[in-house]
Amino acid sequence: MAHVVKIVTSNPGKWEELYTMLSSRGLDCIWIRERVRELQSEDLAEIVLASGIEAYEKWGGGVLLEDSGLFVTALGGFPGPYSAYVFRTIGVKGLLKLMEGVQDREAWFKSAICYISPDGSQSIFTGEVKGILAAEPRGTGGFGFDPIFIPAEGDGRTFAQMTVGEKNLYSHRARAVQKLLKHLGLTG
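First residue of the sequence shown: 1397, per the working numbering; consecutive thereafter.
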């Protein structure tokens, strides 16, 4: 029997990345293009669990929610779990303004996925990718802070300069999805 996963997100870029990874492993994906309340917390896992429980109550089992953040070492981990808000308010240019004159460009993206199975059991999967911040935006793909994030394991391009398939080779989200797939017995 095929697994059905209800991906709850209003973000088309996030949907495309998750759909690409999950459907390629035989999962039937349904896009629930809605927002759920997002708990304010320093912990991405806590945020997605609260959102996952709300989604489970609305749409039943097989729901998946993902939250991620860009953590900048020189800014004490900011914006972290507040990345979406920071992106909406000051954007890439605003974050780069905060980094003017800062030599330490180290940053990392972290992802947390909450999956609540049809029987109601809750699981959290996390992934992380280290990298650096570019001095200026590069590329037109991706979303959020992708134009300024250069993964350490990549070839010097930002996430926004990569195709979805290329980004999924390195991304924090892909690493969390790999743990979910293992949990569902869909790896190997």
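Glycine is no exception: its CB is placed at the ideal position from the N, C-alpha and C atoms.
These numbers come from a predicted model, not from an experiment.
What are the boundary residues of the beta strand (DSSP E) that includes residue i?
| i | result |
| --- | --- |
| PRO1477 | No beta strand (DSSP E) contains PRO1477, which DSSP labels as neither H nor E. |
| ALA1508 | 1502 to 1512 |
| PRO1547 | 1545 to 1547 |
If you follow the alpha helix (DSSP H) that residue i is in, where does it begin and where does it stop?
| i | result |
| --- | --- |
| SER1419 | 1408 to 1419 |
| ALA1446 | 1440 to 1455 |
| LEU1494 | 1487 to 1494 |
| LEU1577 | 1568 to 1579 |
Would you please state the rounded distance, in angstroms, between the beta carbons of residue i and residue j? I believe it to be under 8 angstroms.
| i | j | result |
| --- | --- | --- |
| GLU1462 | ILE1509 | 5 angstroms |
| ARG1431 | LEU1577 | About 26 angstroms; that fails the 8 angstroms criterion. |
| LEU1492 | VAL1482 | That pair is no contact at about 12 angstroms. |
Within its chain, find whatever has a CB closer than 7 angstroms to the CB of residue i; leave out the 5 residues flanking it on each side and keep chain order.
| i | result |
| --- | --- |
| LYS1552 | It is Gly, not Lys, that sits at residue 1552 in the sequence shown. ILE1546. |
| HIS1568 | SER1464, PHE1505, LYS1506, SER1507, GLY1523, GLU1524 and VAL1525 |
For residue i, I'd like the list of residues in its chain whose CB is within less than 6 angstroms of its CB, leaving aside the five on either flank, ordered along the chain.
| i | result |
| --- | --- |
| LYS1348 | Shown here, the chain extends from 1397 to 1584; a query on residue 1348 therefore has no answer. |
| LYS1575 | PHE1521 |
| ALA1583 | Checking the sequence shown, residue 1583 turns out to be Thr, not Ala. Answer for THR1583: LEU1577, listed in chain order. |
Check this for me: beta carbons of residue i and residue j, under 8 angstroms apart or not?
| i | j | result |
| --- | --- | --- |
| LEU1494 | LEU1466 | no |
| GLN1518 | GLY1581 | no |
| GLU1412 | VAL1560 | yes |
| ALA1503 | GLY1527 | yes |
Give every residue of the same chain whose Cβ lies closer than 8 angstroms to the Cβ of residue i, excluding the five residues on either side of it in the sequence, and list them in chain order.
| i | result |
| --- | --- |
| GLY1535 | ASP1542, PRO1543, ARG1553, THR1554, PHE1555, ALA1556, GLN1557 and MET1558 |
| GLU1532 | LEU1492 and ILE1544 |
Between residue i and chain D, is there a C-beta pair that is closer than 8 angstroms?
| i | result |
| --- | --- |
| VAL1459 | Going by chain labels, chain D is absent from the structure shown, which holds only one protein chain. |
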